[in-house]
Amino acid sequence: MQNPLGYCLEIKFQKPRPAVEGMPVTPSSTLVRHNVFIKNDSRSPDGDRPNMLVGGFPASGPGADDLYEIYGNFFYHNPRESLLQASGRVAIHDNVFVDGAAPGHAAITLRDHDSPLKNASIYHNTICSSARGIHVSGPAPEGHAVIGNLVFADTPTSFHRSITQVSANIISSRSDAATYLLNPTRELGVMNLYPRVGQCQGGALDLTPFIAHADYNLDFNRTSKVGHHFRGAYAGQGANPGWQLDAALKRFESDPLSSQNPQ
Numbered sequence: 586m587q588n589p590l591g592y593c594l595e596i597k598f599q600k601p602r603p604a605v606e607g608m609p610v611t612p613s614s615t616l617v618r619h620n621v622f623i624k625n626d627s628r629s630p631d632g633d634r635p636n637m638l639v640g641g642f643p644a645s646g647p648g649a650d651d652l653y654e655i656y657g658n659f660f661y662h663n664p665r666e667s668l669l670q671a672s673g674r675v676a677i678h679d680n681v682f683v684d685g686a687a688p689g690h691a692a693i694t695l696r697d698h699d700s701p702l703k704n705a706s707i708y709h710n711t712i713c714s715s716a717r718g719i720h721v722s723g724p725a726p727e728g729h730a731v732i733g734n735l736v737f738a739d740t741p742t743s744f745h746r747s748i749t750q751v752s753a754n755i756i757s758s759r760s761d762a763a764t765y766l767l768n769p770t771r772e773l774g775v776m777n778l779y780p781r782v783g784q785c786q787g788g789a790l791d792l793t794p795f796i797a798h799a800d801y802n803l804d805f806n807r808t809s810k811v812g813h814h815f816r817g818a819y820a821g822q823g824a825n826p827g828w829q830l831d832a833a834l835k836r837f838e839s840d841p842l843s844s845q846n847p848q
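As structure tokens, this is what we get:
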């Protein structure tokens with residue numbers, strides 16, 4: 586999805602769901618995966634918009650415990666807003682965010698909007714060349730975790746005082762990205778945010794809190810996170826064996842829609 590007037594993708598907050606035969610009544614997930622969301626510098630006639638916005642689920646009844654699972658996506662460029670804004674219940678993992686240039690806005694912004702933020706898991710994302718990296722403006726009363734991310738930004742993270750489950754992230758300034766990544770330019774088709782040999786690693790991460798998430802154990806390239814030592818969206822080092830970040834469909838040699846979770 587490239588150069589829209591407003592959002593690349595918007596999922597509105599949800600009102601109470603009527604009882605409809607065949608519709609799920611137990612908790613379900615909405616998956617947003619392996620997409621490319623690119624904006625240009627054009628202004629929206631309806632106001633500035635993030636590349637993607639997801640609103641919350643119903644406050645009660647069917648759907649109240651549903652979850653957005655946003656993973657494996659490439660978010661690129663926004664001069665006036667966030668790359669991703671979310672509320673409700675969200676799991677955001679193994680995405681690549683580049684060029685969130687808007688001062689005062691973060692690559693990932695979690696906040697109360699039309700509905701409140703309730704639960705947030707943010708893990709194994711790579712954020713590069715942004716004014717701000719990850720911003721959580723209020724509490725997530727049902728739980729939260731910010732783990733194993735790789736963030737290069739002027740202000741890498743900013744959190745509400747209640748957001749304390751933050752660990753094992755590598756955060757630094759934009760200028761330090763080249764120490765860790767092969768070619769952190771903003772040029773599409775040329776940028777390479779794969780880790781340099783010996784970089785973007787640390788102690789083994791405990792991903793068991795996320796085991797219910799689809800593909801929680803696969804990186805941006807759908808490579809298994811064996812050992813759980815890498816930070817960011819790629820579980821590897823040296824030459825990138827996967828898709829080149831570009832204004833193009835994200836393609837795999839095998840079917841990208843498998844939801845197998847290797848242990």
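Numbering-wise (this note's numbering), the sequence shown opens with residue 586 and increments by one. Yeah, the Cβ is synthetic: ideal placement off N, Cα and C, and Gly gets one too.
Below 7 Å CB to CB, which residues in the same chain sit around residue i once its five sequence neighbours on both sides are set aside?
i	result
aspartate 697	Ser672, Gly723
proline 847	Reliability fails at proline 847, whose pLDDT of 37 lies under 50, so the model's placement of it is uncertain and the value that follows must be treated cautiously. So the qualifying residues of the chain are Asn802, Ser809.
When DSSP labels each residue in this structure, what does residue i get in the three-state scheme?
i	result
threonine 793	helix
leucine 761	For the record, residue 761 in the displayed sequence is aspartate; it is not leucine. Helix, per DSSP.
phenylalanine 659	strand
glutamate 838	coil
glutamine 670	strand
aspartate 631	coil
glutamine 599	coil
tyrosine 779	strand
methionine 637	strand
isoleucine 623	strand
glutamine 845	In this predicted model, glutamine 845 has a pLDDT of only 46, less than 50, meaning its place in the structure is not dependable; the value taken from the coordinates is given anyway. Coil at glutamine 845, not helix or strand.
glycine 787	coil
histidine 813	coil
valine 610	coil
valine 605	coil
glutamine 587	strand
alanine 644	coil
If you draw a straight line from the C-alpha of residue i to the C-alpha of residue j, how long is it?
i	j	result
asparagine 754	glutamine 786	10 Å
glycine 646	methionine 608	12 Å
phenylalanine 642	isoleucine 596	10 Å
glycine 657	histidine 619	5 Å
asparagine 663	isoleucine 623	8 Å
glutamate 838	methionine 776	21 Å
isoleucine 707	serine 667	16 Å
alanine 730	glutamine 750	5 Å
threonine 611	alanine 644	14 Å
serine 714	glycine 685	7 Å
arginine 665	glutamate 606	43 Å
lysine 835	glycine 648	30 Å
phenylalanine 815	asparagine 588	32 Å
leucine 590	aspartate 699	22 Å
aspartate 626	glutamine 670	18 Å
Given residue i, which residues of its chain have a CB within under 6 Å of its CB, disregarding the five upstream and five downstream residues?
i	result
arginine 550	In the structure displayed, the chain extends from 586 to 848; residue 550 sits before or after that span and is not available.
tyrosine 576	Here the chain covers residues 586 to 848 and nothing more, so residue 576 does not appear.
alanine 763	Pro769
proline 688	Ala716
threonine 853	The chain is shown from 586 up to 848; residue 853 falls before or after that span and cannot be answered.
aspartate 831	Leu773, Gly774
isoleucine 655	Val617, Ile677
Going by beta carbon distance, what residues of the same chain come within less than 8 Å of residue i, once the five residues before and after it are set aside?
i	result
arginine 781	Thr764, Tyr765, Leu766, Leu767, Gln822, Gly823
Is there a Cβ from chain B that is less than 9 Å from the Cβ of residue i?
i	result
phenylalanine 598	Of the chains in the structure shown, none is chain B; there is only one protein chain.
**Request:** Go through the region 705-756 residue by residue and report every complete run of the beta strand (DSSP E) that reaches 3 residues or more, in order.
**Result:** Every unbroken stretch of the beta strand (DSSP E) spanning 3 or more residues and falling wholly within the region 705-756 is given here in chain order: 711-721, 728-732, 735-744.
**Request:** Would you be able to state if there are at least three C-beta pairs under 8 Å between the region 718-734 and the region 744-759?
**Result:** Yes, since at least three Cβ pairs between the region 744-759 and the region 718-734 fall closer than 8 Å, the two stretches touch.
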